[in-house]
Structure formats: structure tokens, C-alpha cells
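In full-length UniProt numbering, the protein residues as written are 1 to 942. Where is the CB? At the ideal position from N, CA and C, for every residue including glycine. Structure first, commentary second.
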């Protein structure tokens, strides 16, 4: 029978009367707590133990009077003893416990006085035994009812996932796999959670069933679970009168969670013990939002080793739902709280508004976004109810009639069936948690069991199904989520088919990232209800480079506008060895005007600050809509930037395993070079360093056979060259490109020879997104620049100062393309860059500034550019030189400079829109000292 708070208070009053005047610690402590737990219908032995041994930090031994690992530690004294000293003793025990066992609550008592400490909330309460009925709700954690402050990185989530992982492995090793295993584990996780949070009452009845009714060898465990799942799916009125009394104690759950029979595994003793271990664990602190993704990861043993590989932090989810709907609702609530007339009626209307909201996440995964959005909506509703019913006399109302916000306001589409079921279960778990908070606030027990409403989570491909069938657009208010990030070069066949379904095959749409499909479908979905607001997390590439000009024109033509945006920030994963991703958040609506919210970051790892702007364009820059067209030429008077040389020297050969691989013949690694020279030392004169972006930055070495100018006799006398050139010739003949086939007659030459005859400034084509500056370096003319390097011959120092400035880096980050998530620099970044007006005086200052950077690099001759430009390792003198250069370049555009990258880019866009022609630069001032620090053919690159 489920106990109400009134039942528990009545029991507490009788308990206080029975124990009034008692006070002998040794003889009465254990009976005292046996009866105390019975107030809540909980068997003490199922959750806590007496006289738990602990070795203190000073190596002395002690015994905790009552210990519930992870939940409660009790230090009990005889009547009249000093409870301050008792709390100090409890603290010594707490410090000596393992991290996973340290409890949230500490209770010290002398029979007649209680002091309860909540270590998580940093709250405490003290009262006398006769006052226990008035304070009994403070012990709601015994029923699993408590305040919860969930933490993204709380180790309890990982501990729970590991326990389920062990169970999963034991089941899988027994041959129990596939959909049955997935469904079985989802049901078990709900039971584990329900057993500790008040869904099942009394607490721990599931653990009791496992420990006391199943055999130690596990042979009958499958049968008990089969029957239990059937009972959980059967209303009490329809159950057999002869049902086992332990099974009859479980409530009817409904909600389709336990609907339908599934194959149950055969357990052995090891598997039974794994399930019991998971059940002994305290599941009450588990965050459904975080655990959903962690739980999914248990299905893959390799993924589980990288804890947190999938989950999205609550902090980042709130960055979406805040500006999407929550901030505005909270502002409305604060305004209503200040009303002097019709306040209660207006608040009730506001609650009705909350219950009318409808959400869909069309790539919901394990439901993280839906769960957090639901939690925040219920939190807000609870605050509204507390404002409406702030008269204590009304707190005896039927709590079940108060809440109007429910899980059926939320819908999702998920391509993975297992993830979809987890999302559904996580929503029910969060629903129960929020009902518990409602119970605490209004002093009445409220458990929404059986489940009468369900979230609409559809297992389907969002790019192939009709969203209207999941949630009609006329009912929807918000579309949100974190669709998958896949660049155009990395899509599989199924994803490519999805792109074609959404975008067709015409034009350049195939260059778009996969996430763009959700943006288009969401805007199309909202055409039938323009009150819908949309908020998606995305790779920042959709608002950069060529993608910005491909994606946004059709969406904006349908009436959408970017109403809020988080500019690039680091989307961290807590997974060990898992790289962070640089992301953006884009919010869309169909409003005709009003301020837009721009969340800007001074650093990708920092916190944002909000700026209100009239308009946000496709590059997430405040200002009019504008697109940067491709430009093949630089402005008049500027040197041309171009790609380096390309050999096209590959040949397909069979390896030792019979598989075809492409081998290079004109390009050699360091080991290959040494082997060639050992065979034919005279080839040294034809070997030249070959540097691309990776080699320039990392300091690694590659070499090339640069045979330009070689005579026929040079080629004929070398067996090494003859064999290599024959492979080049054959490879080029088989090329699908006509221009490459033409070069088959001259296999000793590069198909694209762009090597300058002078020293040149080299810009890596691809560079890590983590770097504040792309490493740019002067390179000796003897070094052959590859097609992965951008070359600017005879570049003066003032031009280097401009290209490595924060001003140019901000432009690059906005208009460049991406290779995966890394910067992909192109000539268009350089050609389209709005240059300032140059004078001989400011060019001289720029030359000195660039030289200061080169001098700072020279102070660290053993370091590569990779180390020098690592954001965490950059030497202080080099950083100072760059910052000084940034300030100088900024001053050429605006006397006061700029505070953030956003301000720099907005200024550059304004210049670009005005089509201001730059003043052609003057000739060099002659103060160029760079030759002292340039990269030479024999020096280590970097």
C-alpha cells in the first residue's frame, strides 16, 4: 500500500510518543532506527546496515552506527550527549569513506533531538523528537523523494552506467543479444530507478525480490522477471487473486514500457549477482538527461571505455532552450509576480500557456534535449503554483490536480530504435522526479503511476518520414535539438540518399553538411504555422565559406530569419581522448522585426555575453544579409596567392595481402629517402624537401624527386628512377583526368609546377580549429611547396603582419571553408579580404611588428610551429608579439581598436558591403630583416 504523507505523519506522531524519554545508546539505538524506517514502509535491512566498520584517516578503527552507502550516515548518542562532537565524529567517518560511498545526508541524534545535514544543498535542520511529524518530509530521501541538483560530471552517472555495462556484458556473453537485450535492459533500468525513487513502494522491493525469492544459482531469475514485467503491465483490478504477495506489491506502470512479451535470458549465478549489484546501487541521484546517453554507450564495450562519449551537457542544452523559449517565459513570470490586481488569475492563465506548448526534436537521440526542456518547464510551473497557492491553508489540495504540464507535450524522431526507447524512459524518469519536487513543495505524496500519458517518440529516419504525422505543425510551438554532424566528404550511402531526398541533386547543395537537412525540413514544417520557433546546434561550417551562400538563401526566402545565435564555441565532451568540436547554435523564427540575440565568445572555451542587434546575417555577423562571392584575383596591386605544386605520381599496386594500394613515386618519406640514397647516392642532387601544410606545422620531413632540368642521360643511368618513372607513367595513363594523362609522356615532371624561383610566404591549407593563429612561415625557394600549401612569393613583412593578425584570422574563420572541423584556407579568403589604407609609415610599423613575431619564434629554435601555436603551450614572448601586432593592425581599421572578434568581423563586413577599394600598397621600405630567421632547406621546419 502506498503511504501518503498524512499516513507517515500519523506514524511519526505515534513514534514520537513511544520513544519519549528514551535515551540509552547501546541498548536502544538499533530498535529505534528499525522502527524509524518503518514510518516510511521501508525495511531498514534492505537499504542500511548497523555498526559499519571504517578505518579512519589516522588508521584508527571505528563503527558507523547506521550507514546507507551514498545516502545516509547516522551517528547516534545517548540522551543529553554533545551533538556537535557527534557531528565531528561523523565527519571523520565521512572523510575515510570511498568517494562513491560518501553519503549526501548526515544525521546526528540523541533520541530526543535530531540534526539533519544535507551536504549537497548545504542545508541543515534541528528539531526535537516531539516535532518529528512537522519535519518528517525532510526525510523524503528514504522514499527517494528529495531535491536534486544534477551535475554533468557527477561520477554517480558513470558508476551507474558501469554497473549496467557489467550486466550487459554478462548477458551478451551468454548469447543474449540484439533487440531483446536492448528492450530487456531498458525495462531493468526503469525498475532500478523506480526502486530507489518512490515509484515502487515500499522502497527496495525490487532488490528484496531478487535477493530473497530467487535462487543463488540464478536458474529461476528469468521466470521471476518475466512474471514481474507482466505484473507491471497489468492494472491491479485485473490481477489474479492468487498472485504472489511480493509481486502484488508492485504498481501498474502502463505507458507501453512493459507491454508485450520478450525473450528473457537464462541467468547463472554471475549474471544474478551483476543484477543484484546494480540494484543495491542508489539510483536516486541519477540524471535522466545525462544517463540516457551513458546508458546507450553500454551497448558498445569500446565506447564505454570513453565515458561520456555521446552525452550533451546540460549547460549546452540550456544555451539552446534559454533563448528559444525559457528566457522569455521566465521574464513573463517575473512580470506577473509583480502584479497587484488579478495576479492569481493571470498566473493561472500563464500556467495554461505552459501546458499548451508543444515541442519536437527531430533527431532526439536518447532524449537529452526533451528531458531538460521538460524539466525546466516543470520547474517553472512549480514556481508558478507556489505563487498561486502561497497561502499555507491551501497546501492540503489534491496535488495531482495542480500540475498541467505533462510528457505528452513532447515529441521526438530518432533513427535508432534503442535510443528512442531510452528517450521515452528518460522522460518518464524525469516526470517522476518533478512529481517528487511537487510533493515536497506541497506536502502531499504525488506519484503519476500508472503512466497515463506518454511522450511521442517515433523510431524513424527524420529525413524520410513526415514530421506532421509525429506532431501536426498547427499544434507545435518549438523545434529543437542537436542533429548529426557529418561533412559532405564523410557521408555514407544512406546519409547521401537522405541529402538527395531533402535537397535534390541540382546546384551545389551536395557541398552542404548533413545537418543542413534538418534546417531545411524545419523551415518547411513551419510554413504551416509561422509562430513556430526553431533552435538547433550545428557545426559552425554552415555559417562559413561557401556553405553560407548555399544554405541560407532558400531558407531566408521562405520567410525565416536568424533571431538568436551563439557564435562559435567549444562543444566539450567529457570523454577521455575525445576531441572537442567547435559549434554554433542557430535560432530561427518568422517575425517581421525586433531585436535579435547574439551570444558572443571572447574565447571558444569561455562563457558568452549577450549583445542585442537589429539583424544577424548568414555568417552570424550583426548586419545586413550579404554573401562573399568567390574571387579568383586579389585586389589591384597585391601579389597573387596560389596553391603549390602537385605531382600526380601515384600508381595502384597489389600489396602483400593482395589488396590494391596507391603508392607515391616522386614523393618520399624520410626512411624511403635514406633507402634510395643507400642504393644510389648520386640521386641526392635531385632530392628536394617537399613541404605541405602538415609538414610546415609539425616539422615532419618529406622529400621529392625534383627532376626539372634533368637530362635524358640522368634518367637513363638510374635504375631507381627508371622503375619509379615507369610506375608514374602507367598511373597517369589510367587517370580519369585528361590533363594528367597528357603528362604520362613526361613522368619526371610534376603535373602542376607552381614552384616560385624566390623565397615565399607559406600558408597551410588546413590548420587545426583550436589555434588562435594559422602558423604562417617564410620558406626558402629550394623547398618545394606542395598543393597543400598556399604560396605568396616575395611577400614583404608588412603583408605577413596583416595575414597573421587577429583581423585576418577573424575574417578567415568566418568566410573560409572547413576540412572536417579544421580551417581550410583558400585564395578566396585572401582575395576577398577588405584591406585598410596603407601608407609608407604604417607599412614600416607593420614590418617591425612582423619581425618581432619572427624574432620571438627564433627564441625557441627547437620548437615546431605546432608547439609554438598550440593554444596551451604558446610561449609568452611569442604571444605578446602577436598581441602587439593585433593591436597595430586593428588601429589601421579603427582608432579605438576592437574588443572582440565579432566586432572585427562586423567592421570588415561593413567595409566589404561598401565595396571600398583599398589603396594599392607601396613598395617595401627596405627594412626587411626576415632573412635572419627564414626557414631554409637544411633547417627544421618551424
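**Study point:** Proximity below 8 Å, CB of residue 43 to CB of residue 251
**Key:** Here residue 43 corresponds to residue number 43 of the chain shown, with the count starting at 1. Here residue 251 corresponds to residue number 251 of the chain shown, with the count starting at 1. For the pair residue 43 and residue 251, the CB atoms are not nearer than the 8 Å cut-off.
**Study point:** Of the residues 114, 55, 68, 169, the one placed nearest residue 84, counting alpha carbons only
**Key:** The residue given as residue 84 occupies position 84 in the chain shown. For the residues 114, 55, 68, 169, the minimum Cα distance to residue 84 belongs to 114.
**Study point:** Distance CB(residue 286)-CB(residue 226) smaller than 8 Å
**Key:** Along the chain shown, one-based indexing puts residue 286 at 286. Along the chain shown, one-based indexing puts residue 226 at 226. When the beta-carbon positions are compared, residue 286 and residue 226 stay at least 8 Å from each other.
Exercise for review: Measure the CB-CB distance between residue 411 and residue 359 and report whether it falls below 8 Å.
Suggested key: Here residue 411 refers to the residue found at position 411 when the chain shown is read from its first residue. Here residue 359 refers to the residue found at position 359 when the chain shown is read from its first residue. Cβ distance < 8 Å, so residue 411 and residue 359 count as in contact.
**Study point:** Where residue 117 sits in the DSSP three-state scheme
**Key:** Translated into the one-based positions of the chain shown, residue 117 becomes position 117. DSSP places residue 117 in the strand class (E or B) of the three-state scheme.
Exercise for review: Could you check what DSSP says for residue 785 in three-state terms: helix, strand or coil?
Suggested key: Working through the chain shown from its first residue, we reach residue 785 at position 785. Here residue 785 sits in strand by DSSP.
**Study point:** Separation of residue 70 from residue 244, as counted between CA atoms
**Key:** Position 244 of the chain shown, counted from the first residue, corresponds to residue 244. Position 70 of the chain shown, counted from the first residue, corresponds to residue 70. If you take the alpha carbons of residue 244 and residue 70, they lie about 32 Å apart.
Check your understanding: Shortest alpha-carbon distance to residue 709 belongs to which of 701, 699, 685?
Key -> As a first step, residue 709 must be located in the chain shown, where it is residue number 709. Nearest option by C-alpha distance: 685.
Check your understanding: Nearest CA to the CA of residue 648: which residue from 337, 772, 729, 817?
Key -> For the purposes of this step, residue 648 is taken as the residue at position 648 of the chain shown. When only C-alpha atoms are compared, the closest one is 729.
Check your understanding: Which value, in whole angstroms, describes the spacing of the CA atoms of residue 498 and residue 523?
Key -> Translated into the one-based positions of the chain shown, residue 498 becomes position 498. Translated into the one-based positions of the chain shown, residue 523 becomes position 523. Distance between the alpha carbons of residue 498 and residue 523: 17 Å.
Practice item. Work out the CA separation of residue 96 and residue 62 for me, nearest whole Å. Key: In the chain shown, counting from the first residue as 1, residue 62 sits at position 62. In the chain shown, counting from the first residue as 1, residue 96 sits at position 96. Cα to Cα, residue 62 sits roughly 10 Å from residue 96.
Point to revise | Reduced DSSP secondary structure (H/G/I, E/B, other) of residue 345 | key: Stepping through the chain shown from its first residue, residue 345 is reached at position 345. Correct three-state label for residue 345: helix.
Exercise for review: State the start and end residues of the unbroken alpha helix (DSSP H) segment that holds residue 60.
Suggested key: Here residue 60 corresponds to residue number 60 of the chain shown, with the count starting at 1. Counting along the chain, residue 60 falls outside any alpha helix (DSSP H), and DSSP gives it neither H nor E.
**Study point:** alpha helix (DSSP H) runs wholly inside the segment 250-291, at least 4 long, in chain order
**Key:** Listed in chain order, the complete alpha helix (DSSP H) runs (minimum 4 residues) inside the segment 250-291 are 269-280.
Exercise for review: Just the C-alpha distance for residue 481 and residue 364, rounded to the nearest angstrom, thanks.
Suggested key: Position 481 of the chain shown holds residue 481. Position 364 of the chain shown holds residue 364. Between residue 481 and residue 364, the C-alpha separation is close to 7 Å.
Point to revise | Alpha carbon of residue 520 to alpha carbon of residue 495, nearest angstrom | key: Taking the chain shown and counting its residues from 1, the one referred to as residue 520 is at position 520. Taking the chain shown and counting its residues from 1, the one referred to as residue 495 is at position 495. Taking the Cα positions, residue 520 is about 15 Å away from residue 495.
Practice item. Pick out whichever of 569, 118, 425, 613 has its Cα sitting closest to the Cα of residue 562. Key: By 1-based counting over the chain shown, the position of residue 562 is 562. Looking at the Cα atoms, 613 is the closest of the given residues.
**Study point:** Cβ neighbour criterion (16 or more within 10 Å) applied to residue 531
**Key:** What you label residue 531 is simply residue 531 of the chain shown in a count that begins at 1. The residue in question, residue 531, is exposed, as its Cβ has fewer than 16 Cβ neighbours within 10 Å.
Check your understanding: Taking the alpha-carbon positions, what's the residue 920 to residue 635 distance?
Key -> To locate residue 920, count along the chain shown from 1; it is residue 920. To locate residue 635, count along the chain shown from 1; it is residue 635. Here the model assigns residue 920 a pLDDT of 47, short of 50, so the residue's position is not dependable, and the following value carries that caveat. Between the C-alpha atoms of residue 920 and residue 635 there is a straight-line separation of about 8 Å.
Check your understanding: For the 8 Å Cβ check, are there 3 or more pairs between the segment 262-282 and the segment 168-178?
Key -> Yes, the segment 262-282 touches the segment 168-178.
Practice item. Just mark residue 775 as buried or exposed, buried being the case when its beta carbon has 16 or more other beta carbons within 10 Å. Key: Counting from one through the chain shown, the residue named residue 775 turns up at place 775. Looking at its Cβ environment, which holds 16 or more other Cβ atoms inside 10 Å, residue 775 is buried.
Practice item. Grab the span of the alpha helix (DSSP H) containing residue 467 for me, first residue to last. Key: Working through the chain shown from its first residue, we reach residue 467 at position 467. Bounds of the alpha helix (DSSP H) holding residue 467 are 467-470.
Point to revise | Cβ contact (3+ pairs, closer than 8 Å) linking the segment 548-563 and the segment 583-603 | key: Result yes; three or more Cβ-Cβ pairs closer than 8 Å.
Review point. According to DSSP, is residue 77 helix, strand or coil?
Key: Looking up residue 77 in the chain shown gives position 77. Coil at residue 77, not helix or strand.
Review point. Where does residue 576 land, buried or exposed, given buried means 16+ other C-beta within 10 angstroms?
Key: As a first step, residue 576 must be located in the chain shown, where it is residue number 576. With a pLDDT of only 35 at residue 576, under the threshold of 50, the placement of this residue in the model should not be trusted; the figure read from the coordinates follows. It counts as exposed.
Exercise for review: Please classify residue 237: is it buried, with 16 or more other beta-carbons within 10 angstroms of its beta-carbon, or exposed?
Suggested key: Sequence index remark: in the chain shown, residue 237 carries index 237 (1-based). With fewer than 16 other Cβ atoms within 10 Å, it is exposed.
Exercise for review: Using the DSSP secondary-structure output, state which residues sit across from residue 504 in a beta bridge.
Suggested key: In the chain shown, the residue the question calls residue 504 occupies position 504. Assignment of beta-bridge partners to residue 504 by DSSP yields no partner.
Check your understanding: At what residue ranges does the segment 525-587 contain a whole run of the alpha helix (DSSP H), taking only runs of 4 or more?
Key -> Complete alpha helix (DSSP H) runs here, min 4: 545-557.
Practice item. Between the Cα of residue 74 and those of 18, 139, 571, spot the shortest distance and give me the residue it belongs to. Key: If you number the chain shown from 1, residue 74 lands on position 74. Proximity to residue 74 across 18, 139, 571 peaks at 139, based on C-alpha coordinates.
Check your understanding: Does DSSP classify residue 627 as helix, strand or coil?
Key -> One-based indexing of the chain shown puts residue 627 at position 627. Secondary structure at residue 627: coil, using DSSP grouped into helix, strand and coil.
**Study point:** Length of the line joining the Cα atoms of residue 34 and residue 40
**Key:** As a position in the chain shown, residue 34 is number 34, starting the count at 1. As a position in the chain shown, residue 40 is number 40, starting the count at 1. Residue 34 and residue 40 have their C-alpha atoms roughly 11 Å apart.
**Study point:** Anticipated Cβ contact below 8 Å, residue 336 with residue 346, distance rounded
**Key:** Walking along the chain shown from the start, residue 336 turns up at place 336. Walking along the chain shown from the start, residue 346 turns up at place 346. Contact flag correct, Cβ pair sits at about 5 Å.
Exercise for review: Might you give, ordered along the chain, the residues of its own chain that have their beta carbon closer than 7 Å to the beta carbon of residue 393, omitting 5 neighbours on each side?
Suggested key: Indexing the chain shown from 1 puts residue 393 at position 393. Interpretation of residue 393 is limited by its pLDDT of 45, a score under 50 that renders its predicted location unreliable; the figure taken from the coordinates is listed afterwards. When the five nearest sequence neighbours on each side are left out, no beta carbon in the same chain lies closer than 7 Å to the beta carbon of residue 393.
Review point. Tell me the DSSP bridge mates of residue 819?
Key: Along the chain shown, read from residue 1 onward, the residue named residue 819 stands at position 819. Per DSSP, the beta bridge partners of residue 819 are 822.
Review point. Under three-state DSSP, which class holds residue 1003?
Key: Within the shown structure, residues of the chain are numbered from 1 to 942, placing residue 1003 beyond reach of any answer.
Point to revise | First and last residue of the uninterrupted alpha helix (DSSP H) at residue 876 | key: Numbered from 1 along the chain shown, position 876 holds the residue referred to as residue 876. Per DSSP, the unbroken alpha helix (DSSP H) holding residue 876 starts and ends at 876-893.
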